[in-house]
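By the UniProt record's numbering, the letter at position 250 of the sequence shown is numbered 250, and the numbering carries on one by one without gaps.
Glycine included, each C-beta is placed from N, C-alpha and C at the ideal position.
Contents: one structure, followed by commentary.
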Amino acid sequence: MTQVLTPDAQGLTAAADLLRGGALVAFPTETVYGLGGNARSDHAVARIFEAKGRPRFNPLIVHVPDVEAARRFAVFDDRAERVASAFWPGPLTLVLPLRPEAGLSPLVTAGLDSVAVRVPAHPVARALLTAFGGPVAAPSANPSGRVSPTRAQHVIDGLAGRIAAVVDGGACAVGVESTILGLVDGAALLRPGGIPAEALEACLGHPLAAGGDAARPSAPGQLLSHYAPASAVRLGVTAPEPGEFWLGFGPEARAADINLSESGDLVEAAANLFHDLRRADAAAGGRRIAVSPIPETGLGRAINDRLRRAAAPRP
Ligand code: TXA
Ligand code: MG
Numbered sequence: 001m002t003q004v005l006t007p008d009a010q011g012l013t014a015a016a017d018l019l020r021g022g023a024l025v026a027f028p029t030e031t032v033y034g035l036g037g038n039a040r041s042d043h044a045v046a047r048i049f050e051a052k053g054r055p056r057f058n059p060l061i062v063h064v065p066d067v068e069a070a071r072r073f074a075v076f077d078d079r080a081e082r083v084a085s086a087f088w089p090g091p092l093t094l095v096l097p098l099r100p101e102a103g104l105s106p107l108v109t110a111g112l113d114s115v116a117v118r119v120p121a122h123p124v125a126r127a128l129l130t131a132f133g134g135p136v137a138a139p140s141a142n143p144s145g146r147v148s149p150t151r152a153q154h155v156i157d158g159l160a161g162r163i164a165a166v167v168d169g170g171a172c173a174v175g176v177e178s179t180i181l182g183l184v185d186g187a188a189l190l191r192p193g194g195i196p197a198e199a200l201e202a203c204l205g206h207p208l209a210a211g212g213d214a215a216r217p218s219a220p221g222q223l224l225s226h227y228a229p230a231s232a233v234r235l236g237v238t239a240p241e242p243g244e245f246w247l248g249f250g251p252e253a254r255a256a257d258i259n260l261s262e263s264g265d266l267v268e269a270a271a272n273l274f275h276d277l278r279r280a281d282a283a284a285g286g287r288r289i290a291v292s293p294i295p296e297t298g299l300g301r302a303i304n305d306r307l308r309r310a311a312a313p314r315p
């Protein structure tokens with residue numbers, strides 16, 4: 001059975017004890033719910049891959065409470081220090097050279113000599129990391145390839161019985177995963193996410209290289225079919241065909257079955273995206289989901305990235 005824990009002192013103590021015992025605990029972050037395990041334990045990390053059905057070559061993000069802890073596992077250069085001080089805690093993941101002596105399970109990095117690190121902003125995530133007192137490996141808490149979870153109930157829907165517990169911290173405010181910035185050679189946007197690429201470029205003072213190559217994923221969030229609902233998905237639709245379920249965006253989509261944001265607000269649309277994809281999937285009853293066009297700026301880049309993968313041909 002999977003326990004649902006409250007985000008108070010008692011629940012967090014129980015969650016930290018479970019992590020210490022090598023068990024898996026899902027917890028809220030400001031982006032999506034993470035599926036946490038002790039990042040120093042091969043056993044716990046192996047369980048993460050098993051619970052999600054995730055390919056072992058797809059490395060995990062290490063979650064820590066602050067930049068000092070992050071420096072124990074990764075090598076920070078000036079650029080890394082600059083973006084970390086500007087955007088942490090927050091929805092940014094940095095891929096940096098690994099400190100192999102730091103004792104992370106090699107399963108976390110899938111044997112790479114780089115490591116993805118993140119300091120989340122959600123108070124429950126921060127309290128759990130502090131209570132546990134060590135690095136927590138955490139992918140999104142969903143079966144591999146499916147829609148990411150932004151509520152405790154989504155975690156239960158996908159992983160009940162496969163994990164020890166979920167800490168219920170309500171709905172995630174950002175709603176799409178962290179932006180992944182690679183700083184190993186050059187500066188590359190490996191995954192668009194909760195921090196707009198424009199903000200990173202302004203902080204670094206130069207444009208980012210595009211890091212995604214669907215054929216040879218450098219961040220396997222780049223695997224083409226991902227975030228997939230059961231229904232087929234068609235994108236960029238201003239006038240749905242008869243029989244399609246319409247997932248709209250903005251005031252032009254007044255007749256939509258569900259609207260990601262009636263006012264056309266990208267922040268609101270990102271926060272609603274995964275919950276609304278799940279609702280659309282449940283309500284569509286096998287019909288195709290037609291999605292309104294979303295502007296390709298700010299959080300719209302992360303939304304469109306997830307939608308393109310939701311619409312991609314399934315393996
Ligand atoms: O917002 C988030 O980032 C959430 C919350 C829970 O923190 N986590 C998340 O994890 O989205 P996951 O496993 O679903 O996505 C992690 C991504 C994957 O695309 C993985 O390939 C990439 O990070 N990644 C991890 N380590 C990497 C590395 N050393 N080099 C390149 N990409 C890496
Ligand atoms: Mg994921």
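Helix, strand or coil at Phe57 [DSSP, three-state]: As a position in the sequence shown, residue 57 is number 57, starting the count at 1. In this structure, Phe57 counts as coil in the three-state DSSP scheme.
Short CB-CB distance (under 8 Å) between Thr13 and chain C: As a matter of chain content, chain C is missing from the structure shown, which is built from one protein chain.
Glu296 versus Gln153, Thr130, Glu198, residue with shortest Cα-Cα distance: Stepping through the sequence shown from its first residue, residue 296 is reached at position 296. Of the listed residues, the one whose Cα sits closest to Glu296 is Glu198.
Candidates Gly236, Thr109, Pro123, Leu208, of which the one nearest Ala138 by Cα: Here the question's residue 138 lines up with position 138 in the sequence shown. It is Thr109.
Backbone CA spacing between Val147 and Leu12 [nearest angstrom]: Residue numbering aside, residue 147 sits at position 147 when the sequence shown is read from its first letter. Residue numbering aside, residue 12 sits at position 12 when the sequence shown is read from its first letter. Spanning the two alpha carbons is a distance of roughly 26 Å.
Cβ pair Val119, Val64 closer than 8 Å: Position 119 of the sequence shown, counting from 1, holds the residue named residue 119. Position 64 of the sequence shown, counting from 1, holds the residue named residue 64. Yes.
Whole-angstrom distance between Arg20 and Val4, CA atom to CA atom: Along the sequence shown, read from residue 1 onward, the residue named residue 4 stands at position 4. Along the sequence shown, read from residue 1 onward, the residue named residue 20 stands at position 20. If you take the alpha carbons of Val4 and Arg20, they lie about 18 Å apart.
C-beta contact flag for Phe245 and Asp257 at 8 Å: As a position in the sequence shown, residue 245 is number 245, starting the count at 1. As a position in the sequence shown, residue 257 is number 257, starting the count at 1. Yes. Within cutoff.
Proximity to residue 317 [Cα-Cα], best of Leu247, Asp157, Thr93: The structure shown has nothing for residue 317, since the chain only spans 1 to 315.
Simplified DSSP assignment, three categories, for Pro315: By 1-based counting over the sequence shown, the position of residue 315 is 315. DSSP places Pro315 in coil when its eight states are reduced to three.
Three-state secondary structure (DSSP) of Gly11: Taking the sequence shown and counting its residues from 1, one reaches residue 11 at position 11. Three-state DSSP puts Gly11 in a helix.
Rounded C-alpha distance that separates Arg306 from His226: Numbered from its first residue, the sequence shown carries residue 306 at position 306. Numbered from its first residue, the sequence shown carries residue 226 at position 226. Approximately 8 Å between the Cα atoms of the pair.
Assigned exposure category for Asp213 - 16 Cβ within 10 Å defines buried: Here residue 213 refers to the residue found at position 213 when the sequence shown is read from its first residue. Residue placement at Asp213 is flagged as unreliable, the pLDDT there being 44, under the threshold of 50; the coordinate-derived value follows with that caveat. It is exposed - the Cβ of Asp213 has fewer than 16 other Cβ atoms within 10 Å.
Exposure of Arg314, with buried meaning 16 or more beta-carbon neighbours within 10 Å: Your numbering for residue 314 matches position 314 in the sequence shown. The residue in question, Arg314, is exposed, as its Cβ has fewer than 16 Cβ neighbours within 10 Å.
Which residues DSSP lists as bridging Pro97, in chain order: Position 97 of the sequence shown, counted from the start, is the residue given in the question as residue 97. For Pro97, which the question treats as bridged, DSSP gives the partners Ser114.
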